Amino acid sequence: MPDVKEIIEKARSFNAKARFSVLRLNIVLSITIAVVLGILIYFKPEYLTTKIGVLLAVIAMVMVITGQNKMIKMLFKFNSSEESSQQYLQNLILYRNRLANFQRQTMSIYFALLSLGIGLYMIEYTVRMQWAYALLVYSITFAWIAVNWFYFRPRQIKKQQEKVNEMIIQLERVSSQLIEGA
Amino acid sequence: MTFEEIYQAYSPKVYRLCMGYVNDSDLAKDLTQESFISVWQNLSKFRNDSAIGTWIFRIAANNCLRQLEKEKWVMKAELPTELEDVIQEGSNVQEKLLFKFIAELEETDRLIISLELEELPQAQIAEIIGISEGNIRVKIHRIKEKILKKFQQHEQLQRYKTTLA
Numbered sequence: 001m002p003d004v005k006e007i008i009e010k011a012r013s014f015n016a017k018a019r020f021s022v023l024r025l026n027i028v029l030s031i032t033i034a035v036v037l038g039i040l041i042y043f044k045p046e047y048l049t050t051k052i053g054v055l056l057a058v059i060a061m062v063m064v065i066t067g068q069n070k071m072i073k074m075l076f077k078f079n080s081s082e083e084s085s086q087q088y089l090q091n092l093i094l095y096r097n098r099l100a101n102f103q104r105q106t107m108s109i110y111f112a113l114l115s116l117g118i119g120l121y122m123i124e125y126t127v128r129m130q131w132a133y134a135l136l137v138y139s140i141t142f143a144w145i146a147v148n149w150f151y152f153r154p155r156q157i158k159k160q161q162e163k164v165n166e167m168i169i170q171l172e173r174v175s176s177q178l179i180e181g182a
Numbered sequence: 001m002t003f004e005e006i007y008q009a010y011s012p013k014v015y016r017l018c019m020g021y022v023n024d025s026d027l028a029k030d031l032t033q034e035s036f037i038s039v040w041q042n043l044s045k046f047r048n049d050s051a052i053g054t055w056i057f058r059i060a061a062n063n064c065l066r067q068l069e070k071e072k073w074v075m076k077a078e079l080p081t082e083l084e085d086v087i088q089e090g091s092n093v094q095e096k097l098l099f100k101f102i103a104e105l106e107e108t109d110r111l112i113i114s115l116e117l118e119e120l121p122q123a124q125i126a127e128i129i130g131i132s133e134g135n136i137r138v139k140i141h142r143i144k145e146k147i148l149k150k151f152q153q154h155e156q157l158q159r160y161k162t163t164l165a
């Protein structure tokens, strides 16, 4: 059996790690916004489209990071000490379902906003180019976005969903063992 | 009760519960440790409206169920070799078999019978698991029947083997 001091030490480091993971997400969020807004101030774009483009990109990032924050906080709220096994299983299932929805919806909205943002941002700089170059720049950018949208995004979603669905199946199987009269 | 006292009093019981659930001594040790980490973290929130034993077993039972979310978790029911560790002292064949047979049950049945073996009142088991006391009574009855049947089958098999030898 492990030593009692070892347990207390581990518990403390768990608490610290949990706090740090929330803090880190928020720091990443703040730095990202600061950098993007810094670009806006430093390069002083003239077109409204550029500003809207930057704004859309920031909204996309803020959305993902706040969403992740919310999911982590929900996980911390779980209290294994105050819930019966049945309630606990139900909460785990609820959490996994929410996580699956979050991953599916947020990632799609994120990609859409970011692509639109980049497209708008580029207008100001491409109008100064010759039309052939502009066309080339847009083609390459949107080809890259298309690869992400049609190849990487579905693959990522599928991988995440398979994992989550497997967990939900297991949790529901065990939860059904507790149905009265079963 | 201080955390140290709680740990001294309950860690062997929690370990046996975890062992009944996973049938793997290393994993049971890890689960016991994780459970007491939760106990330590939540101790300030513990209200005396339930017995401390119920509260600790609830944390441990939920912690065992959390195993369902871990990847590549495999059922250990087929590996009775792992049993040596938990029942080294004063262990006999009957005890070893009991642990093996518990490991072959459904997840929640494993928790229920392990709590019963720790001599917890059925009302407390009902509170921990979250189903009615009547249902717990029925389940325990059925589980005991199942285990008894396994013992009988085992004896028959042994007798058959001796006749053959």
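Protein chains in written order, with our numbering: chain X, 1 to 182; chain V, 1 to 165.
A virtual CB, placed ideally from N, CA and C, is assigned to each residue, including glycine.
The model shown is predicted, which means the values in this text are computed figures rather than measured ones.
Following the continuous alpha helix (DSSP H) through residue i, name the residue where it begins and the one where it ends.
i               : result
T49 of chain X  : 48-77
F101 of chain V : 93-103
F43 of chain X  : 4-43
N62 of chain V  : 52-66
K146 of chain V : 133-164
R128 of chain X : Careful: R128 of chain X lies outside any alpha helix (DSSP H) and carries neither H nor E.
R16 of chain V  : 3-22
E116 of chain V : 107-117
When burial is assigned at 16 or more other CB atoms within 10 Å of the CB, is residue i buried or exposed?
i               : result
A16 of chain X  : exposed
R47 of chain V  : exposed
M61 of chain X  : buried
L115 of chain V : buried
K19 of chain V  : The question names Lys, but residue 19 of chain V is Met in the sequence shown. With 16 or more Cβ atoms within 10 Å of its Cβ, M19 of chain V is classed as buried.
K139 of chain V : buried
S85 of chain X  : buried
F57 of chain V  : buried
Y151 of chain X : exposed
Measuring only between beta-carbons, confirm whether residue i sits less than 7 Å from chain X.
i               : result
E106 of chain V : yes
A61 of chain V  : yes
N42 of chain V  : yes
L97 of chain V  : no
I169 of chain V : In this structure chain V extends from 1 to 165, so residue 169 of chain V is not present and cannot be described.
G130 of chain V : yes
L17 of chain V  : no
Beta-carbon separation of residue i and residue j under 7 Å?
i               : j               : result
E69 of chain V  : M167 of chain X : yes
E107 of chain V : V164 of chain X : no
L17 of chain V  : A51 of chain V  : no
S80 of chain X  : S11 of chain V  : no
W59 of chain X  : L25 of chain X  : The identity of residue 59 of chain X in the sequence shown is Ile, whereas the question assumes Trp. Not in contact: I59 of chain X and L25 of chain X (Cβ atoms no closer than 7 Å).
G53 of chain X  : L135 of chain X : no
A57 of chain X  : L114 of chain X : yes
S35 of chain V  : V14 of chain V  : yes
Taking only beta-carbon positions, decide if residue i is within less than 7 Å of chain V.
i               : result
K159 of chain X : no
L37 of chain X  : no
S84 of chain X  : yes
M74 of chain X  : no
Q87 of chain X  : yes
V4 of chain X   : yes
M167 of chain X : yes
I93 of chain X  : no
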